[in-house]
Amino acid sequence: MGESSGYANQKTLSIENNRLVWDYAGSLPAQKGFDKNIGTAGLLQGIIGDYIVVGGGANFPEALEKGGKKVTHKDLYLLKDVNGKLKTIEQIQLDYPIAYGASVSVKEENAIYYLGGSPDSEHMRDVLKVTLKNGKLETEIYAKLPLGFENGVAQYKDGKIYYGVGKIENSEGKNVNSNKFYVFDLKTKETKELAEFPGEARQQTVGQILNNKFYVFSGGSNISYVDGYAYDFKTNTWKKVADVVVDNEKILLLGANSIKISENKMLVIGGF
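Structure follows, in structure tokens:
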């Protein structure tokens, strides 16, 4: 799959008179050992109280034609909105690199959970928990998933994280495109397999909980998809919903991000 970047430059988004307005909010400091932050793909991201946390991610510091290799980063940044600009409050490093996992902010816990997403085989199943203590970032490996996970969807509901429809570890220890879907209980730390996503196995999907159902759209494998499905929490079943079509044009959401803006609406940003 392709790479996207641009997260070195921070921007704020607002909706005014049904129009999207972007404002430049600053730039992230360079990762440790580098002169400049050129942006990363697949980073950890979330909100803890009045703070924003971003970090990890992967990029190519040197161009491929010059022999450049992908680097996955360890840096985490604690940011805060100060007069419309995002100020870096703290920068720390994890013990291992992360990228392409799924970030879930849990408001009632003031925590971010990051599922999977590490090139290190010993950490590809991690559930990383990020919190604040006395205004400082704290991290811990909260639990282990039964299988490695990356480039999928994850959302929180009623003490549990529902995740999947991305790359899942196979019997050979490699993450491959999958239509598996799971629920991770934050209290018991147990994972249960749920009804399979009915579409073809894929990765880099987009998903949000809307009207009490988990909607999953698009993604890709050796081909790209625009189909959509909704998961019913009560019946553990999936239902086909409308494809992603705007003005009779199919819209690909592969690799995009999304924000829930109301109980029945989400805003999709980016993709390729």
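This note's numbering applies: residue -18 is where the sequence shown begins, and numbers increase by one. Note that beta-carbon positions come from the ideal geometry of N, C-alpha and C, so glycine has one too. Computed from a predicted structure; not experimentally measured.
(message) Cutting at 8 Å between CB atoms, please list the residues of its own chain near residue 105, excluding the five before and the five after it.
(response) The sequence position of residue 105 within the sequence shown is 124, counting from 1. Around residue 105: 97, 98, 99, 129, 130, 131, 150 and 156.
(request) Check whether the Cβ atoms of residue 38 and residue 25 sit closer than 9 Å, and answer yes or no. (result) Indexing the sequence shown from 1 puts residue 38 at position 57. Indexing the sequence shown from 1 puts residue 25 at position 44. Cβ distance < 9 Å, so residue 38 and residue 25 count as in contact.
(request) Put residue 246 into one of helix, strand or coil per three-state DSSP. (result) To locate residue 246, count along the sequence shown from 1; it is residue 265. Correct three-state label for residue 246: strand.
(message) With a threshold of 8 Å, are at least 3 pairs of Cβ atoms found where one atom belongs to the region 165 to 176 and the other to the region 190 to 198?
(response) no
(message) Does residue 113 come out as helix, strand or coil in the three-state DSSP assignment?
(response) On the sequence shown, position 132 is the one that residue 113 refers to. In the structure shown, residue 113 sits in a strand (DSSP, three-state: E or B).
(request) Tell me residue 83's beta-bridge partners as DSSP assigns them. (result) The residue given as residue 83 occupies position 102 in the sequence shown. DSSP, once it has assigned bridges, lists 96 as partnering residue 83.
(message) Quick check: the Cα distance between residue 244 and residue 189, rounded to an integer number of angstroms?
(response) Counting from one through the sequence shown, the residue named residue 244 turns up at place 263. Counting from one through the sequence shown, the residue named residue 189 turns up at place 208. Roughly 10 Å between the two C-alpha positions.
(request) Leaving out five residues on either side along the sequence, give the residues of the same chain with a beta carbon under 7 Å from the beta carbon of residue 42. (result) Residue mapping note: residue 42 aligns to position 61 of the sequence shown, counting from 1. For residue 42, where only same-chain residues beyond five positions count, the Cβ hits under 7 Å are 15, 19, 49 and 52.
(message) With a threshold of 6 Å on Cβ separation, who are the neighbours of residue 232 within its own chain once the five nearest residues in sequence on each side are excluded?
(response) Within the sequence shown, numbered from 1, the residue matching residue 232 stands at position 251. For residue 232, where only same-chain residues beyond five positions count, the Cβ hits under 6 Å are 225.
(request) Return the CA-CA distance between residue 143 and residue 119, expressed in angstroms with no decimal places. (result) Locating residue 143 in the sequence shown gives position 162, where the first residue counts as 1. Locating residue 119 in the sequence shown gives position 138, where the first residue counts as 1. The alpha-carbon atoms of residue 143 and residue 119 are separated by roughly 24 Å.
(message) Quick check on DSSP: helix, strand or coil for residue 45?
(response) Residue numbering aside, residue 45 sits at position 64 when the sequence shown is read from its first letter. Residue state, collapsed to three classes: helix.
(message) If you follow the beta strand (DSSP E) that residue 158 is in, where does it begin and where does it stop?
(response) For the purposes of this step, residue 158 is identified with residue 177 of the sequence shown, where counting begins at 1. Per DSSP, residue 158 belongs to the beta strand (DSSP E) from 156 to 158.
(request) Go ahead and pull the three-state DSSP assignment for residue 171. (result) Counting from one through the sequence shown, the residue named residue 171 turns up at place 190. Looking at residue 171 - three-state DSSP - the assignment turns out to be coil, as it is neither helix nor strand.
(message) Tell me which residues share the same chain as residue 117 and place their Cβ nearer than 7 Å to its Cβ, disregarding the 5 neighbours each side in the sequence.
(response) As a first step, residue 117 must be located in the sequence shown, where it is residue number 136. Around residue 117: 71.
(message) Quick check: the Cα distance between residue 58 and residue 34, rounded to an integer number of angstroms?
(response) Counting from 1 along the sequence shown, the entry for residue 58 is found at position 77. Counting from 1 along the sequence shown, the entry for residue 34 is found at position 53. Each residue's alpha carbon lies about 6 Å from the other.
(message) I'd like the span of the beta strand (DSSP E) that includes residue 36, first residue to last.
(response) Position 55 of the sequence shown holds residue 36. From DSSP, the beta strand (DSSP E) with residue 36 extends over 32 to 36.
(request) Please classify residue 141: is it buried, with 16 or more other beta-carbons within 10 angstroms of its beta-carbon, or exposed? (result) Start at 1 with the first residue of the sequence shown, and residue 141 comes out as number 160. Answer is buried; the Cβ neighbour count reaches 16.
(request) Excluding the 5 residues preceding and the 5 following residue 220 in the sequence, name in chain order all residues of the same chain whose CB lies nearer than 6 Å to its CB. (result) Within the sequence shown, residue 220 is the residue found at index 239, counting from 1. So the qualifying residues of the chain are 211.
(request) Have a look at the DSSP bridge pairing and note the partners of residue 143. (result) Taking the first residue of the sequence shown as position 1, residue 143 is located at position 162. Its beta-bridge partners are 136 and 164.
(request) Please confirm whether residue 101 and residue 125 have their CB atoms less than 9 Å apart. (result) Sequence index remark: in the sequence shown, residue 101 carries index 120 (1-based). Sequence index remark: in the sequence shown, residue 125 carries index 144 (1-based). Not in contact: residue 101 and residue 125 (Cβ atoms no closer than 9 Å).
(message) For residue 58, list the residues DSSP reports as bridge partners.
(response) If you number the sequence shown from 1, residue 58 lands on position 77. Its beta-bridge partners are 35 and 72.
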